[in-house]
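Since the structure comes first, as structure tokens, the remarks are kept for the end.
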Amino acid sequence: MLTAGQSGDAPRITTTIPQAADRVRNRLTKAHRDGRPPAFDRDAYRGRNMVERCINIRLTTEQPDTH
């Protein structure tokens, strides 16, 4: 038995906000398939992150040559 506030006591209301036509058109011209970015690649992200962190450490620990 369901009581007030539990699922099932009211119809599910769904709303959809339409996307602006110019945004859809611009997105389709930028990328593959439906214009969305490709799936997240964990290994590629880890590699890029490691390189970026190493560069940032080097830049923050070394004093730039200003002569």
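Quick note on numbering: the sequence shown equals residues 1 to 67 in the UniProt record's numbering.
Positions of the beta carbon are idealized from the N, C-alpha and C atoms, including for glycine.
Keep in mind that this is a model prediction, so the values were computed, not measured.
Which residues mark the beginning and the end of the alpha helix (DSSP H) in which Ile55 is found? Start and end: Arg42 to Thr61.
How long is the line joining the alpha carbons of Gln19 and Ala39, rounded to whole angstroms? 22 Å
My output table needs one value for Thr16: the three-state DSSP class, helix, strand or coil. coil
Rounding to the nearest angstrom, what Cα-Cα distance links Asp43 and Arg27 in this structure? 26 Å
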